[in-house]
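In what follows, a structure is listed as C-alpha cells, so that the remarks can point back to it.
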Amino acid sequence: MESDRNPTGAGGFYAPAPPDADTYTQLGTVTVDGETFFVRTRDNDGSTHYDWISGPNDGYGFSESGGRGPRSPERHVDAIRDFLAGIDPATGYLSDP
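Heads up: the sequence shown begins at 1 in UniProt numbering, then just goes up one per residue.
Now the structure itself:
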C-alpha cells in the first residue's frame, strides 16, 4: 500500500513520527489558571514534558530541558504560566514573536 504523502492536498508533506523509544516517569496532572497539563519526565535526561490536555489542539504542549533533580510544584506552575502567556487565543498555539 502506498503512503499518502499529501493527505490535505495543501502541498505539505506528512510523515508520522517514529514511536518514542524513551521511557518516562509520569508525574500526573497540574491545573494552572483553569488549564490542565499532564506532566512527565524523560528518564534518560531529566527533561520535563507538559501535554496541554485541556487545550484546543490535541497533542500540543511544551518541554523544558535538563536537570536530574525533581522540580518543585512552584516551578511547574511558573513554566505553565509562561507557556500560557505566549498563547494566541485565536489559534491556541504559541504566537509568532
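Idealized CB from N, CA, C, for every residue including glycine.
Using the Cβ count rule (16 or more neighbours within 10 Å means buried), how would you classify residue i?
i   : result
A15 : exposed
T41 : buried
T31 : exposed
Cα separation between residue i and residue j?
i   : j   : result
A90 : L84 : 13 Å
H49 : G28 : 11 Å
G92 : F62 : 13 Å
D45 : G66 : 6 Å
Verify the CB distance criterion: does residue i have a CB-CB separation below 8 Å to chain B?
i   : result
W52 : Checking the listed chains, one finds no chain B in this structure; it contains a single protein chain.
Three or more C-beta pairs closer than 8 Å, one from the stretch 56 to 74 and one from the stretch 17 to 25: is that the case here? Not touching, per the Cβ criterion.
Quick one: which unbroken beta strand (DSSP E) runs of 3-plus residues sit fully inside the UniProt region "Disordered" (49 to 73)? Chain order, please. Within the UniProt region "Disordered" (49 to 73), the complete beta strand (DSSP E) runs of at least 3 residues are 61 to 64.
Give the list of continuous alpha helix (DSSP H) stretches no shorter than 4 residues that lie fully inside the stretch 17 to 51. As summarised for the stretch 17 to 51, there are no continuous alpha helix (DSSP H) elements at least 4 residues long confined to that stretch.
Please confirm if the stretch 28 to 35 is in contact with the stretch 77 to 84, defined as three or more CB-CB distances below 8 Å between the two stretches. Yes, since at least three Cβ pairs between the stretch 28 to 35 and the stretch 77 to 84 fall closer than 8 Å, the two stretches touch.
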